[in-house]
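Quick note on numbering: our numbering labels position 109 of the sequence shown as 359, and the sequence is numbered without any gaps. Ideal Cβ positions, reconstructed from N, Cα and C, are used throughout, including at glycine.
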Amino acid sequence: MKTGSFFRKAGCFFATKEIFENRVLSIRFYKYFLTGIFIRVLLLPFFFQRDILSTYQRAAETVFAGNLAADFQQFAMHLIHSAALFIFKFLIPDTGRLSAILLNENTWTSWIDFNNFEFVYRTLFLFKFPYLLIDIACMFLIIRLVYDGDAEKRLKVFKYWVLNPLVIFVTYVFARHDIVAVFFILLALVLAKHNRKYWSIAVLAVGVIMRFFPIMILPFLIFFLAKKKKDYVILFALGTAGLALLEAFSYFYFGRSVIFSLLNTQHFDYILSARLDLIIHDAIFIFIVAYMLLLFSFIHQKNKTFELFLNYCGMVYLLYVATSYFHPQYLLYAIPFLVIIFVRRNSVYYYHLIQFGLLMIVLIYWGDLVTKFLFASFDVEYILYMPGPIAVVNRFYNAAKFVNIFRSVFSAVSLWMIYLIYRVNRQLNTGSNLIDEK
251 MKTGSFFRKA GCFFATKEIF ENRVLSIRFY KYFLTGIFIR VLLLPFFFQR DILSTYQRAA
311 ETVFAGNLAA DFQQFAMHLI HSAALFIFKF LIPDTGRLSA ILLNENTWTS WIDFNNFEFV
371 YRTLFLFKFP YLLIDIACMF LIIRLVYDGD AEKRLKVFKY WVLNPLVIFV TYVFARHDIV
431 AVFFILLALV LAKHNRKYWS IAVLAVGVIM RFFPIMILPF LIFFLAKKKK DYVILFALGT
491 AGLALLEAFS YFYFGRSVIF SLLNTQHFDY ILSARLDLII HDAIFIFIVA YMLLLFSFIH
551 QKNKTFELFL NYCGMVYLLY VATSYFHPQY LLYAIPFLVI IFVRRNSVYY YHLIQFGLLM
611 IVLIYWGDLV TKFLFASFDV EYILYMPGPI AVVNRFYNAA KFVNIFRSVF SAVSLWMIYL
671 IYRVNRQLNT GSNLIDEK
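Listed below in structure tokens is the structure:
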């Protein structure tokens, strides 16, 4: 009885009262939740992409060497990982060996040594464990985002997040920390839903200093929340306050501008990668044009409902991966918005699965680092000498052409998903009955 009472209370905390008043739905909730957690925990100790090691290497410079400026471009995210590593060092045997590996400036030998580390599985489990906690927090938020009073649809949203292959791959196989920024996006959205406009913008501003990508939906959030002319000024100032404070801190503490440093990195050029060259120095950046068209379209919507706003945000992130150079983790930012649309229009979910399958092929473009090296912790020597996917494809066809064919299909699928969302928006605008499409 006590065990049952505990699970009911825990379930009500993570889900909603309406779900647990229905026995069938509550059983389904536990089935989805426990299956999702089992998959995540199973993946925690084994797979990783080199970036997570680099992240904790910079954290090690702070924890073991006292260098606070190890990662000034992502300073807020760096502080989180530094705090985590400070705790983990008490849970990992042979911390001296681990610190030597993490402080090794040779990226190649440090990667090999890490894979050969006696406690590599325990270390990977701990390194990714904060992402699991934040992911669970995202589950808690996303089930409360929309479909008030409809427990069935809320449970479907939960299912599409918990069992989403991209969420699982990016966070637990690719081992990227973008889930942290996604959490702040979701928290900002929940606050916006309840008209806590200043808190919503402030939380999104925190998300922006964690990772730059939440800034893409900042203008949409401002136009959704602003009711008076002064709101635009206040919300814009609040939304950019995080970056302004980080810039001021970086300038005075590190003597460098974090904003201009980011703008001059290769990553910002990804946004400008798709372009139409006109004449002499004149060019049109495709994503910028399309982004502004989406923004203008949203501004001129007479009835800016919360669901309409969410749909536009999803379209923004789909547009980015459809028209610009991107890394796999960037697609994660679209998922909180897509899972809501999956419930409304099931065909979008099937296109998303196709999108994920195409992404697995596009991974070949980045070579061994994001393909066979993901499995290096099992046997680094074997993985090093086995042929990579590029070498295999090149035996039959040019690997770059092969990947770009599938990249083009990926863009087509993403643009088609945008069109399907646009059709949902038209139904929302006309007030017609939205029948779930199978």
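Taking 8 Å as the upper bound for CB-CB distance, Leu568 and Pro469 are not in contact here, some 17 Å apart. Taking C-beta atoms under 8 Å as the contact rule, Val643 and Ile614 qualify, at a distance of about 7 Å. If you draw a straight line from the Cα of Asn317 to the Cα of Met565, it is about 40 Å long. Every alpha helix (DSSP H) of 4 residues or more that sits fully in the region 305-347 is shown, in chain order, as 325-338. With a minimum length of 3 residues, the unbroken runs of beta strand (DSSP E) contained wholly in the region 497-572 fall at 525-527 and 533-535. In this structure, Leu395 keeps its C-beta atom at 8 Å or more from the C-beta atom of Val430. With fewer than 16 neighbouring CB atoms inside 10 Å of its own CB, Met610 falls in the exposed class. Rounded to whole angstroms, Leu665 and Ala572 show a C-alpha spacing of 6 Å. Contact between Ala442 and Phe474 holds, with the beta-carbon distance rounding to 7 Å and staying under 8 Å. It is roughly 11 Å from the alpha-carbon of Leu303 to the alpha-carbon of Phe424. For Val423, no alpha helix (DSSP H) encloses it, and the DSSP letter there is neither H nor E. For a cut-off of 8 Å, the C-beta gap from Leu471 to Ile585 is around 18 Å, too long to register as a contact. Look at the region 370-452 and you find these whole runs of alpha helix (DSSP H), each 4 residues long or longer: 370-392, 401-412, 415-418 and 428-443. Relative to the Cα of Pro343, the nearest Cα in the group Gln323, Phe369 and Ile590 belongs to Phe369. For Arg278, the secondary structure class from DSSP, reduced to helix, strand or coil, is helix.
Note on Phe364: 16 or more other CB atoms within 10 angstroms of its CB, so buried under the neighbour-count rule.
Going by DSSP, Glu268 is part of the alpha helix (DSSP H) stretching over Lys267 to Phe270. Burial state of Phe433 is buried, judged by a 10 Å Cβ sphere holding 16 or more other Cβ atoms. For Arg657, DSSP records no beta bridge to any residue. A Cβ-Cβ separation of about 6 Å places Ala452 in contact with Leu488 under the 8 Å criterion. With three or more CB-CB distances shorter than 8 Å, the region 397-407 counts as touching the region 587-594. By the Cβ rule, the region 620-633 counts as touching the region 290-306, because three or more pairs are nearer than 8 Å. Thr359: member of the alpha helix (DSSP H) spanning Thr357 to Asn366, first to last residue. Here DSSP, grouped into helix, strand and coil, assigns Arg595 to strand. Between the alpha carbons of Lys479 and Gly492 lies a gap of roughly 22 Å. Excluding the 5 residues flanking it on each side, Thr266 has same chain C-beta neighbours closer than 8 Å at Ile393, Arg394, Ala401 and Arg404, in chain order. Note on geometry: alpha-carbon atoms of Gln677 and Val407 lie some 20 Å from one another.
For Tyr306, the closest C-alpha among the options Asp321, Leu292 and Leu293 is that of Asp321. Only residues of its own chain outside the window of five on either side were considered, and among them Ala326, Gly492, Leu493 and Leu496 have a CB closer than 7 Å to the CB of Ile459, listed in chain order.
CA-to-CA, the gap between Leu454 and Leu335 works out to about 26 Å. Judged by their CB atoms, Asn553 and Asn679 are nearer to each other than the 8 Å cut-off. Taking Leu512 as the centre and dropping the five residues before and after it, the same chain places the C-beta of Gln323, Phe462 and Phe518 closer than 8 Å to its C-beta, in chain order.
Counting every other CB atom within 10 Å of its CB across the protein chains shown gives Glu355 a total below 16, marking it as exposed. Note on geometry: alpha-carbon atoms of Lys651 and Val663 lie some 18 Å from one another. The beta carbons of Leu383 and Leu436 sit no closer together than 8 Å. Buried is the label assigned to Asp385, since at least 16 other Cβ atoms lie within 10 Å of its Cβ.
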